[in-house]
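Beneath this line is the structure, given in structure tokens, with notes to follow.
2 protein chains.
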Amino acid sequence: MADPPLHLRIRAEIEGRILSGEWPPGHRVPFEHELMRRFRCSRMTVSKALSALAARGLITRRRRAGSVVAAPPGERAMLEIQDFAAEASRAGRDYRHEVLARRIGKANRPETASLELEPGTRLLRLITLHRMDGVPSALESRVINLAAVPEAEGESFAAEPPGTWLLRRVPWTEAAHVVQACAADAASARHLDVPRGLACLVLERRTWQSGRLVTEARITYPGDRHRLVGRFSPAGGHR
Amino acid sequence: MADPPLHLRIRAEIEGRILSGEWPPGHRVPFEHELMRRFRCSRMTVSKALSALAARGLITRRRRAGSVVAAPPGERAMLEIQDFAAEASRAGRDYRHEVLARRIGKANRPETASLELEPGTRLLRLITLHRMDGVPSALESRVINLAAVPEAEGESFAAEPPGTWLLRRVPWTEAAHVVQACAADAASARHLDVPRGLACLVLERRTWQSGRLVTEARITYPGDRHRLVGRFSPAGGHR
DNA sequence: TAGTGGTCTAGACCACCGC
DNA sequence: CGGTGGTCTAGACCACTAG
Chain B
1 MADPPLHLRI RAEIEGRILS GEWPPGHRVP FEHELMRRFR CSRMTVSKAL SALAARGLIT
61 RRRRAGSVVA APPGERAMLE IQDFAAEASR AGRDYRHEVL ARRIGKANRP ETASLELEPG
121 TRLLRLITLH RMDGVPSALE SRVINLAAVP EAEGESFAAE PPGTWLLRRV PWTEAAHVVQ
181 ACAADAASAR HLDVPRGLAC LVLERRTWQS GRLVTEARIT YPGDRHRLVG RFSPAGGHR
Chain H
240 MADPPLHLRI RAEIEGRILS GEWPPGHRVP FEHELMRRFR CSRMTVSKAL SALAARGLIT
300 RRRRAGSVVA APPGERAMLE IQDFAAEASR AGRDYRHEVL ARRIGKANRP ETASLELEPG
360 TRLLRLITLH RMDGVPSALE SRVINLAAVP EAEGESFAAE PPGTWLLRRV PWTEAAHVVQ
420 ACAADAASAR HLDVPRGLAC LVLERRTWQS GRLVTEARIT YPGDRHRLVG RFSPAGGHR
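Chains as they are written, first to last, in my numbering: chain B, 1 to 239; chain H, 240 to 478.
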């Protein structure tokens, strides 16, 4: 009859009271020994349930004071960023890319500042056009830190676009994103085959490994051909 | 000398090997009893460490087969969506809003379909303009499900914009977001005081409570005045 | 200072599942 | 079948901190 494990039932009960609003932020959660009595179990079991809730940010636990319902987090959006090839194959479309430019140079002044690089760091700069069924769907301008990914220097990125190549190869520990809308400039409009000035979605992504910048990408999507979407729940899961 | 708790040290060691790439996806993590011997501790302690890694999606645990390093997730962007008032106060700017339109009506056909509502559901429709230091910074078009939030019917939203009001009042369990770029239409351009056709960032957010739609908001930002930003690590934390 | 949560132990039984 | 992880117990000591 008690198919779900006890610690999950304890967790679900408290979670329900918080998410339903019955226990508002600041409300004190029962002490561990109270829950032990109520559920007739050992302290480890209630501790497991409460720790899971704390890990998800639903409650705050303090010694002596007990646990209280945490303030709800600020609003966040979790957006999926599809790999071009994966997105295309799911949609049953043909994906191709072209490397429009590829050159190696040293980080210039603004880059050393904004990317927090050592002066003189060697960078691989790439401009790549992504096509779905032959139609230009995104223009990517990317910088790869050759000090972090030396193998990239010998790579032409003809077979695999740089984003996919890096994702397979370099385990990243941190990423930052900026999303904004921009009018297509002359060069972007030409490559994407859209009118100059068209509203475009620009996604900038920087990726670090243990504090060192691996790559920065600036991807321009024609606004009417691309949407970033995501669905998730406040504490944890996305789907 | 062992200041960090043992279960955290076990977790950190395994985490390090995974994130550094030393243990690629599919690599078998040592069995619990191996870790018990290596760290000279009880099974509960190693189990706690491994469970935390599994909860973060870094490993997959299977009976009999042991634990293996999980495949890295697809790329995701976690973006902060600032509350207007909070954002303004942090930046030391003056925030105000005006409710441009407010009316109650029944869900029309496309809405019942796209929002998964019962036909005839009563909706509160709002159009709100947000200003920073007097300058229009966002135009919001919102629908509130009065079946889910009946108190909204008597609310004028003069003192507090609807997003903030709802966030304080309604605990939500699920949200979906769409971000895209659009050219400002005539009405948006007029309200936002920008040229018609300007590239704008459009954020759509739908929020549910236990499967029932609470609200849908479509917020238009002039593209040159707003950026969505976010920073996070692959397994868990954002900051 | 007393009571809370944080950590840890040394067992135990069980469900699952690859061999 | 046997070994794995999943769960749970009944204790223990300690660090922290509100009162």
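Just so you know, even glycine gets a beta-carbon here, dropped at the ideal spot from N, CA and C.
Item                                                                                                                                                                  : Value
Quick one: what's R361/H bridged to in DSSP?                                                                                                                          : K345/H
To the nearest angstrom, report how far apart L26/B and A251/H are at their CA atoms.                                                                                 : Note on identity: in this sequence residue 26/B is Gly, with Leu being the wrong assignment. Answer to the nearest angstrom: the Cα atoms are 32 Å apart.
Report the option in L124/B, V46/B, R96/B, R168/B whose CA atom is closest to the CA atom of A147/B.                                                                  : L124/B
If I measure Cβ to Cβ from L452/H and keep anything under 8 Å in the same chain, skipping five residues before and after, which residues do I get?                    : L354, E355, L356, N384, A387, R445, T446
Just the Cα atoms here: how many angstroms apart are E87/B and G313/H?                                                                                                : 11 Å
Taking the alpha helix (DSSP H) that A288/H falls in, what are its first and last residues?                                                                           : 282-294
Can you check whether the C-beta of E151/B is within less than 9 Å of a C-beta belonging to chain H?                                                                  : no
What does the Cβ neighbour count give for P244/H, buried or exposed, with the cut at 16 atoms within 10 Å?                                                            : exposed
Just mark S328/H as buried or exposed, buried being the case when its beta carbon has 16 or more other beta carbons within 10 Å.                                      : exposed
Between S233/B and chain H, is there a C-beta pair that is closer than 9 Å?                                                                                           : yes
Is it right to say A65/B is buried, meaning 16 or more other beta carbons lie within 10 angstroms of its own, or is it exposed?                                       : exposed
Measuring only between beta-carbons, confirm whether H226/B sits less than 9 Å from chain H.                                                                          : yes
Considering only the beta carbon of each residue, do H181/B and A420/H sit closer than 9 Å?                                                                           : Reading off the sequence shown, one finds Ala at residue 181/B, where the question assumed His. Yes.
Would you check if the distance between the CB atom of P434/H and the CB atom of A426/H is smaller than 9 Å?                                                          : no
Please return the same chain residues whose Cβ sits closer than 7 Å to the Cβ of T454/H, not counting the five positions on each side in sequence.                    : R381, V382, I383, N384, L405, T446
Tell me whether the beta-carbon of L203/B lies closer than 9 Å to the beta-carbon of I127/B.                                                                          : no
Using only alpha-carbon positions, find the residue among T299/H, A340/H, T360/H, G331/H that is nearest to P349/H.                                                   : T360/H
Would you please verify whether the beta carbon of I253/H is less than 9 Å from any beta carbon of chain B?                                                           : no
I want to see whether chain B comes within less than 9 Å of M317/H, judged by CB atoms only; does it?                                                                 : yes
Once you ignore the five residues that flank R28/B on each side, which residues in its own chain have a CB closer than 6 Å to its CB?                                 : G66, V68
Our contact map puts L129/B next to H97/B with C-beta atoms below 8 Å; I'd like the distance itself, whole angstroms only.                                            : 7 Å
DSSP state of E413/H, grouped into three classes?                                                                                                                     : strand
Under the rule that 16 or more other beta-carbon atoms within 10 Å means buried, what is G255/H, buried or exposed?                                                   : exposed
Using a Cβ-Cβ distance under 9 Å, would L437/H count as near chain B?                                                                                                 : yes
On a Cα-Cα basis, can you pick out the residue from L437/H, T284/H, P375/H, F270/H that is closest to I298/H?                                                         : F270/H
Please report the residue range of the alpha helix (DSSP H) in which E32/B lies.                                                                                      : 32-39
Return the chain-ordered list of same chain residues with a C-beta closer than 7 Å to the C-beta of A158/B, the five sequence neighbours on each side being excluded. : V99
Helix, strand or coil: how does DSSP classify H226/B here?                                                                                                            : coil
Can you give me the C-alpha to C-alpha distance between A352/H and L8/B, rounded to a whole angstrom?                                                                 : 35 Å
For the region 79-109 of chain B, which residues have a CB atom closer than 8 Å to at least one CB atom of chain H, in sequence order?                                : L79, E80, I81, Q82, D83, A86
Using a threshold of 9 Å, state whether the C-beta atoms of Q448/H and T412/H are closer than that.                                                                   : yes
Just to make sure I have the definition right: I need the residues of chain B whose C-beta is within less than 9 Å of the C-beta of C421/H. Which are they?           : A181, A199, G223, D224
So, H416/H versus V229/B, is the Cβ gap smaller than 9 Å?                                                                                                             : yes
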